[in-house]
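*Asks:* Pasting a structure here, questions to come.
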């Protein structure tokens, strides 16, 4: 028998888990924003985080790593953003 077998495993409710002292001290929200190139509509997503993974390859300072993390990324091809506002406008325009 392993020690893991003696410890009951249960998952905490995510809403309750975010109220622990660890989350209160180290936790936060990460906002990801996508802006449509056509109508400039912003779509925001918020994710709970306890840490921030930054790419350190090719950077010399933490400031450079954070700049790289927050740099604008243009989505193209299969990753291209499909704007919910443009889709609604397009549907309304075609049905009118």
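Residue numbers (this note's numbering): 4 to 99.
A virtual CB, placed ideally from N, CA and C, is assigned to each residue, including glycine.
Note that the structure is a prediction, hence the values are computed from the model and not measured.
How would you label residue 86, buried or exposed, when you count the other beta carbons within 10 angstroms and need 16 or more for buried?
*Replies:* It is buried - the Cβ of residue 86 has at least 16 other Cβ atoms within 10 Å.
*Asks:* Grab the span of the beta strand (DSSP E) containing residue 85 for me, first residue to last.
*Replies:* Per DSSP, residue 85 belongs to no beta strand (DSSP E) and is neither H nor E.
*Asks:* Taking the continuous beta strand (DSSP E) assigned at residue 52, which residues delimit it?
*Replies:* From DSSP, the beta strand (DSSP E) with residue 52 extends over 45-52.
*Asks:* At what residues does the beta strand (DSSP E) containing residue 79 begin and finish?
*Replies:* Run containing residue 79: none; DSSP gives neither H nor E here.
*Asks:* Could you spell out the range, first to last residue, of the beta strand (DSSP E) harbouring residue 37?
*Replies:* Start and end: 31-38.
*Asks:* I need the DSSP call for residue 22, collapsed to helix, strand or coil.
*Replies:* Here residue 22 sits in coil by DSSP.
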